[in-house]
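Engineer:
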Amino acid sequence: MITYLKCERGFSEIGGWTPGCWVNVEEPTSEELDILKAQFGLPEDFLNDISDIDERPRVERNEGWICTILRIPIENTDNDAPFLTIPMGVIVNGEYIITVCYYANQLISDFIDHSQKRNTYVPSAPDFILRLLNSSAYWYLRYLKDVKNMVADAENDLQKSIRNEELLKLMALQKSFVIFATSISGNNILLERINRLYGEQLDRELFEDVSIELRQADSTVTIATQMLDRTLDTYASVISNNVNAIMKRMTSISMILMIPTLIASFYGMNVDVGISMDNHWAFGFIVGIGFALSVITCLWLRKIRWL
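Quick note on numbering: this note's numbering labels position 120 of the sequence shown as 209, and the sequence is numbered without any gaps.
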């Protein structure tokens, strides 16, 4: 989908391209990509780079065009990780400002709505890129809050019953944290690259705000990842202790049952064991000895806290 937006008192959609407008391309079809290449002369390698889901944040030049690729977070329903990050490209050349994203996301619509509410005026392409980075930091923090709530719910379920489903859920959330940490770190490096590239053209106050937001997002995801790692280590230790306790109980029960079985085996052999077949108390005597030794063993195992 291709939309054209003009910034006056915030971004508003217009019918077609005019000098200085923003061309937003989201989930483009092959026909729309052909239109972009024919109408604006976009380098094809830029479009190919942005289509790569694993493309890292960076800045690249080609034939007068500057392509800035940043990574933004999205909700995910097709994979085990509830949140992922995707590349978004901002392609600039003089009066052309074109954003390309091959995946649906909430960031762009929220960015437009926020600009209208604040009557935001974006005077230049560097300012536009900084505001997109700032918006990405906001969405990282927002999704991180959702992930932390999911972690808390999974931990509550684990406290009631340690099951594989809850552990796998925590591992999926851990994957989202790692993906976020990598992408935020890449955006931080990208911000420094933008600073060196545009220099005095940047709004320094806006640049500092974006830097602070990205550092906050980076710090938040680092702390959350460390806490989740320690939580998983703790539950791994709990599971190991539970397995050890079960094995100790099973071993104790086997020892208790082994004693009467052993005595019955001795007295069941076809040899003279000193008790006459005519003795009416023989069976009770043998059972009593086995029971007494089993009780003694049980008391001893309780004393050493195996039962």
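C-beta: ideal position from N, C-alpha, C; glycine also.
Keep in mind the model is a prediction, meaning the values are calculated, not measured.
1) Taking the alpha helix (DSSP H) that R231 belongs to, which residues open and close that run?
2) Does the distance from the CB of E144 to the CB of A193 come in under 7 Å?
3) Out of S101, Y93, T188 and F100, state which residue places its alpha-carbon closest to the alpha-carbon of T107.
4) When you compare the region 114 to 131 with the region 183 to 190, are there three or more beta-carbon pairs, one atom per stretch, that lie closer than 8 Å?
5) Are there 16 or more other CB atoms within 10 angstroms of the CB of P212, so buried, or fewer, so exposed?
6) Considering Cα atoms alone, identify which of T311, M339, N245 and E120 is closest to S274.
7) In chain order, which beta strand (DSSP E) runs of at least 3 residues are fully inside the region 124 to 199?
8) Which same chain residues, not among the five before or five after R147, have their C-beta less than 6 Å away from its C-beta?
9) Could you check if F355 is buried or exposed, using at least 16 other CB atoms within 10 Å of its CB as the buried criterion?
10) Hey, would you say F135 sits closer than 7 Å to C156, going by beta carbons?
11) Look at the alpha carbon of A265 and the alpha carbon of M347, and state the distance between them as a whole number of angstroms.
12) State the Cα-Cα distance for the pair G153 and L131, rounded to the nearest angstrom.
13) For M260, which residues in the same chain have their Cβ closer than 6 Å to its Cβ, ignoring the five residues on either side in sequence?
14) If contact is defined by three or more beta carbon pairs under 8 Å, each pair taking one atom from either stretch, is the region 239 to 248 in contact with the region 207 to 223?
15) Starting from N331, follow the alpha helix (DSSP H) in both directions and report where the run begins and ends.
16) Return the CA-CA distance between V236 and I268, expressed in angstroms with no decimal places.
17) Does the structure place the region 338 to 352 close enough to the region 283 to 295 that three or more beta carbon pairs sit under 8 Å?
18) Once DSSP output is grouped into helix, strand and coil, what is the label at V376?
19) Is it right to say R220 is buried, meaning 16 or more other beta carbons lie within 10 angstroms of its own, or is it exposed?
20) Taking the C-alpha atoms as reference points, what is the distance between H203 and G99?
21) List the residues that DSSP assigns as beta-bridge partners of Y93.
22) What do you get for K249, buried or exposed, if any count of 16 or more other CB atoms within 10 angstroms of its CB means buried?
23) For F200, which residues in the same chain have their Cβ closer than 6 Å to its Cβ, ignoring the five residues on either side in sequence?
24) My assumption, with CB atoms under 8 Å, is that I197 sits in contact with I175. Please give the rounded CB distance.
Structural biologist: On the basis of the data shown:
1) Residue numbering aside, residue 231 sits at position 142 when the sequence shown is read from its first letter. Element bounds for R231: A214 to K249.
2) Stepping through the sequence shown from its first residue, residue 144 is reached at position 55. Stepping through the sequence shown from its first residue, residue 193 is reached at position 104. Cβ atoms of E144 and A193: not closer than 7 Å.
3) Position 18 of the sequence shown, counted from the first residue, corresponds to residue 107. The residue with the shortest Cα to Cα distance from T107 is Y93.
4) yes
5) Translated into positions along the sequence shown, residue 212 becomes position 123. P212 should be labelled exposed.
6) As a working mapping, residue 274 is identified with position 185 in the sequence shown. For S274, the nearest C-alpha among the options comes from T311.
7) 147 to 151, 154 to 164, 172 to 182 and 185 to 190
8) For the purposes of this step, residue 147 is identified with residue 58 of the sequence shown, where counting begins at 1. Correct list, in chain order: I158.
9) Your numbering for residue 355 matches position 266 in the sequence shown. Classification for F355: exposed.
10) Within the sequence shown, residue 135 is the residue found at index 46, counting from 1. Within the sequence shown, residue 156 is the residue found at index 67, counting from 1. Closer than 7 Å, so yes.
11) By 1-based counting over the sequence shown, the position of residue 265 is 176. By 1-based counting over the sequence shown, the position of residue 347 is 258. The sequence shown places Ser at residue 265, rather than the Ala named in the question. Going from the Cα of S265 to the Cα of M347 covers about 51 Å.
12) The residue given as residue 153 occupies position 64 in the sequence shown. The residue given as residue 131 occupies position 42 in the sequence shown. Roughly 10 Å separates the two Cα atoms.
13) The sequence position of residue 260 within the sequence shown is 171, counting from 1. Nothing meets the Cβ criterion.
14) no
15) Numbered from 1 along the sequence shown, position 242 holds the residue referred to as residue 331. It spans R293 to Y356 - the alpha helix (DSSP H) in which N331 sits, taken as one unbroken run.
16) Numbered from its first residue, the sequence shown carries residue 236 at position 147. Numbered from its first residue, the sequence shown carries residue 268 at position 179. Taking the straight line from one Cα to the other gives about 12 Å.
17) no
18) Position 287 of the sequence shown, counted from the first residue, corresponds to residue 376. Of the three classes helix, strand and coil, the one that applies to V376 here is helix, per DSSP.
19) Taking the first residue of the sequence shown as position 1, residue 220 is located at position 131. Result: buried.
20) To locate residue 203, count along the sequence shown from 1; it is residue 114. To locate residue 99, count along the sequence shown from 1; it is residue 10. Using only the alpha carbons, I get a separation of about 8 Å.
21) Residue 93 sits at position 4 when you count from the first residue of the sequence shown. According to DSSP, which records beta bridges pairwise, Y93 is partnered with I103 and V112.
22) Against the sequence shown, residue 249 aligns to sequence position 160. With fewer than 16 Cβ atoms within 10 Å of its Cβ, K249 is classed as exposed.
23) For the purposes of this step, residue 200 is identified with residue 111 of the sequence shown, where counting begins at 1. Excluding sequence neighbours, F200 sits near S224.
24) Numbered from its first residue, the sequence shown carries residue 197 at position 108. Numbered from its first residue, the sequence shown carries residue 175 at position 86. With 8 Å as the limit, I197 and I175 do not qualify as a contact, their Cβ atoms being about 12 Å apart.
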